[in-house]
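Note sheet for the following structure.
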Amino acid sequence: MIDLDYLHFLENILTENRKNKFLKVLGNRTKHFTVVVEDVFQMHNASAVMRSCEVFGIQELNVIEQRYGKSIDKEIAMGAQKWVDINTFDSVASCIDRMKSKGYQIIATTPHENDCLLDDFDISKPSALFFGTERDGLSEEILACADGYLKIPMVGFTESLNISVSAAIIIQNLTNRLQNSDIDWHLSDQEILEKRLAWAMSSIKDIKRIEARYYSEM
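So, in structure tokens, the structure goes:
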């Protein structure tokens, strides 16, 4: 449970503008969709995907590091890692199990004989959107476990897009449609409180000293 007194103590240190910005952003955050990137070889692409998640309101990014095990490039992410929750997995199986346990359908973003065009995708179901490597796309393991396949319609000679571009297009399309729907896509009250606390803590310099002062005065 969130210590509301502690939350209010920290928020009193922040400016009103900062607190209002948190509330406005959180009002547009969702876990109805979550994004998964699998073994992205070029980490600046994973970082760019994280930026798209942050900009368009996806709260969680999941990274499967089965082969390369690199970390998010903070320079490319440009601070987005402070506002997006990043979950890492060392295997495809563990990631898929987690997604299914949370009630997500597994959606592979790749051309497939049974794929669905972006504008026709059913946004009503909570979905984990999987994006693959720049060189090979998604692994056969993910394709075999997928509940559905999603692709961006293209009319040119080029048959594929960079992963960061694909993710930006798909995330923007789906979150825009979601926000204009009657679906209950918002974070829960508890989730909002948790993020208010986490963001307040990450925004205050010398938080350890501030925290010690709070508990010493209790």
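Its first residue numbered 13, the sequence shown is counted upward by one per residue in the working numbering.
Glycine included, each C-beta is placed from N, C-alpha and C at the ideal position.
A quick note: this is a predicted structure, and the numbers were derived from the prediction, not measured.
Could you spell out the range, first to last residue, of the alpha helix (DSSP H) harbouring residue i?
i: residue 97; result: Note, residue 97: premise wrong, no alpha helix (DSSP H); beta strand (DSSP E) at 97 to 101.
i: residue 22; result: 16 to 23
i: residue 32; result: 28 to 38
i: residue 93; result: First-last for residue 93: undefined, no H or E at that position.
i: residue 109; result: 104 to 113
i: residue 219; result: 219 to 228
i: residue 175; result: 175 to 191
i: residue 213; result: 201 to 215
i: residue 150; result: That residue, residue 150, is in no alpha helix (DSSP H); it is neither H nor E in DSSP.
Sorted by chain position, which residues of the same chain lie with C-beta nearer than 6 Å to residue i's C-beta, five sequence neighbours on each side aside?
i: residue 65; result: 47, 73 and 96
i: residue 101; result: 76 and 107
i: residue 37; result: none
i: residue 205; result: 14
Closest by CA to residue i, which one among the options?
i: residue 145; options: 38, 56, 20 and 19; result: 56
i: residue 93; options: 118, 192, 35 and 210; result: 210
i: residue 137; options: 150, 114, 30 and 143; result: 114
i: residue 71; options: 50, 52, 103 and 40; result: 40
i: residue 190; options: 168, 69, 230 and 33; result: 69
i: residue 231; options: 180, 49 and 174; result: In the structure displayed, the chain extends from 13 to 230; residue 231 sits before or after that span and is not available.
i: residue 187; options: 175, 140 and 203; result: 140
i: residue 175; options: 104, 52, 152 and 103; result: 52
i: residue 200; options: 44, 181, 152 and 180; result: 44
i: residue 63; options: 30, 181, 217 and 152; result: 181
i: residue 16; options: 133, 152, 202 and 222; result: 202
i: residue 42; options: 151, 135, 198 and 67; result: 198
i: residue 31; options: 230, 135, 215 and 222; result: 215
i: residue 135; options: 229, 196 and 230; result: 196
Under 8 Å, do residue i and residue j count as touching if we go by C-beta distance?
i: residue 212; j: residue 26; result: yes
i: residue 161; j: residue 126; result: yes
i: residue 164; j: residue 173; result: yes
i: residue 178; j: residue 143; result: yes
Where does the unbroken beta strand (DSSP E) through residue i begin, and where does it stop?
i: residue 139; result: 139 to 143
i: residue 49; result: 45 to 50
i: residue 121; result: 117 to 121
i: residue 76; result: 72 to 76
i: residue 162; result: 160 to 163
Applying the 10 Å Cβ sphere with the 16-neighbour rule, what's the burial state of residue i?
i: residue 227; result: exposed
i: residue 122; result: buried
i: residue 20; result: exposed
i: residue 194; result: exposed
i: residue 60; result: buried
i: residue 156; result: exposed
i: residue 35; result: exposed
i: residue 87; result: Any answer about residue 87 is weak, because its pLDDT of 47 lies below 50 and its placement is not dependable; what the coordinates show is given next. Exposed is the call here.
i: residue 129; result: exposed
i: residue 170; result: exposed
i: residue 23; result: buried
i: residue 208; result: buried
i: residue 104; result: buried
i: residue 111; result: buried
i: residue 192; result: exposed
Under 8 Å Cβ to Cβ from residue i, same chain only, skipping five residues before and after it: list those, please.
i: residue 159; result: 117, 118 and 119
Given residue i, which residues of its chain have a CB within under 7 Å of its CB, disregarding the five upstream and five downstream residues?
i: residue 219; result: 213
i: residue 58; result: 49, 52, 75 and 84
i: residue 149; result: 122
With a threshold of 8 Å between beta-carbons, can residue i be considered close to chain C, or not?
i: residue 208; result: This model lacks chain C altogether, as it is built from one protein chain only.
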